[in-house]
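Data first, discussion second: the structure below is written as structure tokens.
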Amino acid sequence: MPSLEEQFEQVFTEILISDSGPHLLEAEAVTDCIVNGESVAITLDLPPDDELRKDISGRIEVRLKKIPGISAVTIRMSDQTPQAPEGQAPPAPDAQPRPPQSPEKKTYLQNYEAVIAVGSGKGGVGKSTVAINLAVTLAKMGHRVSMFDSDIYGPSLPIMMGLRNTRPTMNDDSTIIPLYKHGLHVMSIGNVVEEASATIWRGPIVHQVIDQLLRDTQWPGGDFMVIDMPPGTGDAQLTLSQVLEITGAVIVSTPQDVALLDAIKSVSMFHKVEVPVIGMVENMSGFVCPNCNTETEIFDKGNAERASGQNNIPFLGRIPLETAIREGGDFGTPIAVSAEDSPTAEAFRKIAVRMIEEIERL
Ligand SMILES: Nc1ncnc2c1ncn2[C@@H]1O[C@H](COP(=O)(O)OP(=O)(O)O)[C@@H](O)[C@H]1O
Ligand SMILES: [Mg+2]
Numbered sequence: 017m018p019s020l021e022e023q024f025e026q027v028f029t030e031i032l033i034s035d036s037g038p039h040l041l042e043a044e045a046v047t048d049c050i051v052n053g054e055s056v057a058i059t060l061d062l063p064p065d066d067e068l069r070k071d072i073s074g075r076i077e078v079r080l081k082k083i084p085g086i087s088a089v090t091i092r093m094s095d096q097t098p099q100a101p102e103g104q105a106p107p108a109p110d111a112q113p114r115p116p117q118s119p120e121k122k123t124y125l126q127n128y129e130a131v132i133a134v135g136s137g138k139g140g141v142g143k144s145t146v147a148i149n150l151a152v153t154l155a156k157m158g159h160r161v162s163m164f165d166s167d168i169y170g171p172s173l174p175i176m177m178g179l180r181n182t183r184p185t186m187n188d189d190s191t192i193i194p195l196y197k198h199g200l201h202v203m204s205i206g207n208v209v210e211e212a213s214a215t216i217w218r219g220p221i222v223h224q225v226i227d228q229l230l231r232d233t234q235w236p237g238g239d240f241m242v243i244d245m246p247p248g249t250g251d252a253q254l255t256l257s258q259v260l261e262i263t264g265a266v267i268v269s270t271p272q273d274v275a276l277l278d279a280i281k282s283v284s285m286f287h288k289v290e291v292p293v294i295g296m297v298e299n300m301s302g303f304v305c306p307n308c309n310t311e312t313e314i315f316d317k318g319n320a321e322r323a324s325g326q327n328n329i330p331f332l333g334r335i336p337l338e339t340a341i342r343e344g345g346d347f348g349t350p351i352a353v354s355a356e357d358s359p360t361a362e363a364f365r366k367i368a369v370r371m372i373e374e375i376e377r378l
């Protein structure tokens, strides 16, 4: 039995935009697809041709309703969003109506001296690993630090902080008391939502969920709020950068060209939304052999440093590819906690110091 996601993909690949293709996914025409129980809400990005839109919407509806468990299909066009004021992303499309956006959005995290977004153009480059170790390092240096995992596509904070299946306590007024571990106040979408409770493809739904979680959490305030951003440079990231007053962004990249290109894209995205880029961290830079401690340059070490120089972005430092870093993540004790005297923990301290210098310069 194919998964729901596969069945959806099947439908989307079978529907062609014109007689000779491309299909909906090739054309990137499905910009949002949210399954909520038996209902599915779809946003389409199609040419402004009423006939075509009607035809495709009709075909999608008929086909999706044939999927067992799906009984209602709502389809809207991406350009049917109410016009947002200039310079702002359009509001997220909704599966359900929600109250108008409140103007005080940007005040959620005002009780922090600095709000740092840790971003990357690509997933799997170690963004969460760097974000968590950096946050823990800052706390060890005596700062008051909180961390928010906004990566709803792949929340990794619960596992990496040893907080899997831990639910936060709710106050009487339904506000959430953040969890506390390794010296950090933390909250992740993974601690409040069942794993895989909703099927989500790209798209700005991320904004709504994050917005609510940020608002409903009783953040204690302090020196730093570190945010693990979702990977990519799409709507979700743009919107997030706009609803939050972000002091600056730290970009994580591996030394490979592909990852770097994505990193550069994410730099230009932050520039576009006027979030200053604090600097770049090169992760998985050289492999440290656990047996003999020699370093092997698996990827071309130093690429991120060169690229940041070429793009006028401060280079904050590099973290090696090391088994203990992965194990720290898997077992819920970040290496900056479990091996405080290791060269890697020292590398995180240097990055933290460089980062603070850059924040002060901003
Ligand atoms: N420097 C590193 N050395 C070894 N493993 C790493 C390193 N950085 C990340 N990893 C591992 O790579 C995987 C992806 O890292 P993660 O931080 O989840 O990436 P992202 O948040 O960018 O998707 C995880 O299993 C993590 O433990
Ligand atoms: Mg991650």
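Residue numbers 17 to 378, in this note's numbering, belong to the letters of the sequence shown in order. For each residue, glycine too, the CB sits at the ideal point set by N, CA and C.
Opening and closing residue of the alpha helix (DSSP H) in which residue i lies
| i | result |
| --- | --- |
| residue 173 | 173–176 |
| residue 278 | 273–288 |
| residue 353 | 351–354 |
| residue 267 | No alpha helix (DSSP H) contains residue 267, which is instead part of the beta strand (DSSP E) from 264–269. |
| residue 149 | 143–156 |
| residue 363 | 359–377 |
| residue 344 | 339–347 |
| residue 319 | 319–326 |
| residue 24 | 20–30 |
| residue 72 | 66–81 |
Exposure label - residue i; buried when at least 16 CB within 10 Å
| i | result |
| --- | --- |
| residue 102 | Any reading at residue 102 must be qualified, since the residue scores a pLDDT of 35, below 50, and its modelled position is unreliable; the value itself is stated next. It is exposed - the Cβ of residue 102 has fewer than 16 other Cβ atoms within 10 Å. |
| residue 287 | exposed |
| residue 164 | buried |
| residue 190 | exposed |
| residue 210 | exposed |
| residue 278 | buried |
| residue 173 | buried |
| residue 113 | Annotation note: pLDDT 37 at residue 113 (below 50); position unreliable, no value reported. |
| residue 324 | buried |
| residue 309 | exposed |
| residue 109 | Since pLDDT at residue 109 reaches only 38, below the 50 mark, its modelled position is unreliable, and no value is offered. |
| residue 346 | exposed |
| residue 49 | buried |
| residue 36 | exposed |
| residue 258 | buried |
Nearest residue (CA-CA) to residue i, options the options
| i | options | result |
| --- | --- | --- |
| residue 58 | 96, 35, 348 and 36 | 96 |
| residue 303 | 245, 291, 327 and 335 | 335 |
| residue 452 | 134, 45 and 82 | Residue numbering for the chain in the displayed model covers 17 to 378; residue 452 lies beyond these limits and cannot be assessed. |
| residue 274 | 69, 91, 327 and 137 | 137 |
| residue 130 | 238, 68, 29 and 169 | 238 |
| residue 80 | 94, 30 and 139 | 30 |
| residue 203 | 188, 280, 187 and 244 | 244 |
| residue 51 | 249, 162, 89 and 154 | 89 |
| residue 19 | 75, 33, 83 and 235 | 83 |
| residue 33 | 68, 25, 17 and 291 | 68 |
| residue 377 | 345, 341, 359 and 329 | 329 |
| residue 246 | 235, 205 and 233 | 205 |
| residue 43 | 63, 326, 306 and 305 | 63 |
| residue 224 | 147, 253, 248 and 151 | 253 |
| residue 28 | 76, 359 and 70 | 76 |
| residue 298 | 143, 93, 26 and 45 | 143 |
| residue 358 | 230, 306 and 159 | 306 |
| residue 141 | 188, 276 and 256 | 276 |
Beta-carbon separation (whole angstroms), residue i vs residue j, contact threshold 8 angstroms
| i | j | result |
| --- | --- | --- |
| residue 200 | residue 179 | Not confirmed; about 10 angstroms, so no contact. |
| residue 337 | residue 351 | In fact, because the Cβ distance is near 12 angstroms, the residues do not count as touching under 8 angstroms. |
| residue 355 | residue 363 | That pair is no contact at about 11 angstroms. |
| residue 300 | residue 270 | 5 angstroms |
| residue 73 | residue 86 | Rounded, the Cβ-Cβ distance is 15 angstroms, inconsistent with contact. |
| residue 176 | residue 348 | 6 angstroms |
| residue 61 | residue 47 | 5 angstroms |
| residue 169 | residue 241 | That belief does not hold up - the Cβ atoms of residue 169 and residue 241 are roughly 21 angstroms apart, past 8 angstroms. |
| residue 282 | residue 294 | Going by Cβ atoms, the distance from residue 282 to residue 294 rounds to 13 angstroms, so no, they are not a contact pair. |
| residue 145 | residue 341 | 6 angstroms |
Endpoints, the beta strand (DSSP E) within which residue i is located
| i | result |
| --- | --- |
| residue 197 | 195–197 |
| residue 89 | 88–93 |
| residue 58 | 55–60 |
| residue 129 | 128–135 |
| residue 47 | 46–52 |
Proximity test, residue i beta-carbon vs ligand 4 heavy atom, cut-off 7 angstroms
| i | result |
| --- | --- |
| residue 156 | Ligand 4 is not among the ligands present in this structure, which contains only ligand 1 and ligand 2. |
Length at least 4, wholly inside the region 229–261: the alpha helix (DSSP H) runs in chain order
251–259
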